[in-house]
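**Student:** Take a look at this one; I'll ask things after.
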Amino acid sequence: MGVNMIQNHMELTFDSISQNESFARAVAAAFATQLNPTLAELSDIRTAISEAVTNAIVHGYSNNPAKKVYMSCEIQGNVFEATVIDEGKGMENVSLAMQPFYTTMPGTERSGMGFSVMEAFMDGLVVESTPGRGTKVVMTKRIGSVGDDE
Amino acid sequence: MQLANKRKGSSLTVMLTGELDHHNAADIRETLDGMLDGSVKDLILDMSGVTFMDSSGIGIVLGRYRRMQERDGRLYLSGLGGSAEKILRMAGVLGLVERK
């Protein structure tokens, strides 16, 4: 970091429809390219965003297209941060929901690995949820090659 | 995502091309299962054309693994790489499903 430290912020609101899963991850990845990430880092970001947005649409809003998903991304130095928020049904027990293979939708081939993927593919993951109010997921990833040029 | 298949005896190879996520998982599942007539014993999913896959892919692969087991057949994966391989490895799927 240092004098050339990048700071940037963007916000996006979109309908809770599954077509927007690819839209959201493409936007987040395009924003993250400012940090000159490797292809693997970019792929990790796309995957984690896809998981968070899918959770918001499928679990938060039960696929209700009238609802809105809120995504914001921020760059601070070489750290990329993404926040995905829904104002849906929320979770009673966040730690249980974050257990690998835990799913509230057995029989649908939903794997229950969404949070595990977010944890594995990003450096930081914080999940806040209130039943009846919604869920906020904040993920951070340190990108290796930025700010080393001074 | 596009699916193309190649049949050789009792073996069916399906090439998946494009992005695999929750949005298209149900269609992919339905198309794959529609390709499985009673004579297919080996199903090979060629993942070399998959440009993106999230955890929806775990369900697709595990679901087909179970389906092939139910009919005394086998599932194989080929052409794995990138996020698809990382996710399937993380979920322990590569310990179950053989690679070709």
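Chains as they are written, first to last, in numbering that gives the first Met the number 0: chain V, 0 to 149; chain R, 0 to 99. Even for Gly, the Cβ is constructed at its ideal location relative to N, Cα and C. Quick caveat, the model's predicted, so the values are computed rather than measured.
1. Please report the straight-line C-alpha distance between residue 23(R) and residue 66(R), rounded to a whole angstrom.
2. Contact criterion: CB-CB distance below 7 Å. Does residue 3(R) meet it with respect to chain V?
3. Residues of chain R with CB under 7 Å from residue 113(V), in chain order?
4. Excluding sequence positions up to five away, which residues of its chain have a Cβ less than 6 Å from the Cβ of residue 169(V)?
5. Can you list, in chain order, the residues of the stretch 42–69 of chain V whose Cβ is nearer than 7 Å to any Cβ on chain R?
6. Could you name the residues of the stretch 25–59 of chain R whose beta carbon sits closer than 9 Å to any beta carbon of chain V, in the order they occur along the chain?
7. What separation, rounded to the nearest whole angstrom, lies between the Cα atoms of residue 27(V) and residue 8(R)?
8. What residues of chain R sit near residue 27(V), judged by a beta carbon separation below 9 Å?
9. Return no unless some Cβ of chain V is closer than 7 Å to the Cβ of residue 90(R).
10. Just checking my contact of residue 0(R) with residue 15(R) at CB under 8 Å: how many whole Å lie between their CB atoms?
11. Please tell me whether residue 116(V) has its Cβ less than 7 Å away from any Cβ of chain R.
12. If you scan the stretch 3–46 of chain V from start to end, which runs of the beta strand (DSSP E) of 3 or more residues do you find wholly inside it?
13. Does the contact criterion of 3 or more C-beta pairs under 8 Å hold for the stretch 50–60 of chain R versus the stretch 82–96 of chain R?
14. When the cut-off is 7 Å and only beta carbons count, does residue 17(V) lie next to chain R?
15. Please confirm if the stretch 31–38 of chain V is in contact with the stretch 37–44 of chain R, defined as three or more CB-CB distances below 8 Å between the two stretches.
16. Starting from the N-terminal side, write out each stretch of the alpha helix (DSSP H) that is 4 residues or longer and does not extend beyond the stretch 18–83 of chain R.
17. Of all the options 129(V), 141(V) and 131(V), which has the alpha carbon lying nearest to the alpha carbon of residue 81(V)?
18. Rounded to a whole number of angstroms, what is the C-alpha to C-alpha distance between residue 69(V) and residue 37(V)?
19. Taking residue 100(V) as part of the alpha helix (DSSP H), name the residues at either end of that continuous run.
**Tutor:** Working from what's here:
1. Whole-angstrom Cα-Cα distance: 19 Å.
2. no
3. Under the 7 Å cutoff, chain R gives 54.
4. Past the edges of chain V, shown from 0 to 149, lies residue 169(V), and the structure says nothing about it.
5. 42, 45, 46, 49, 50, 53 and 57
6. 25, 28, 51, 52, 53, 54, 55, 56, 57, 58 and 59
7. 45 Å
8. Ordered by position in chain R, no residue passes the 9 Å Cβ test against residue 27(V), which lies about 13 Å from the chain.
9. Judged by the 7 Å Cβ criterion, residue 90(R) is in contact with chain V.
10. 6 Å
11. yes
12. 6–14
13. yes
14. yes
15. Contact check between the stretch 31–38 of chain V and the stretch 37–44 of chain R: fewer than three CB pairs, one atom from each, fall below 8 Å, which does not count as touching.
16. 21–34 and 55–69
17. Looking from the CA of residue 81(V), the closest CA among 129(V), 141(V) and 131(V) belongs to 141(V).
18. 26 Å
19. Element bounds for residue 100(V): n/a, residue is neither H nor E.
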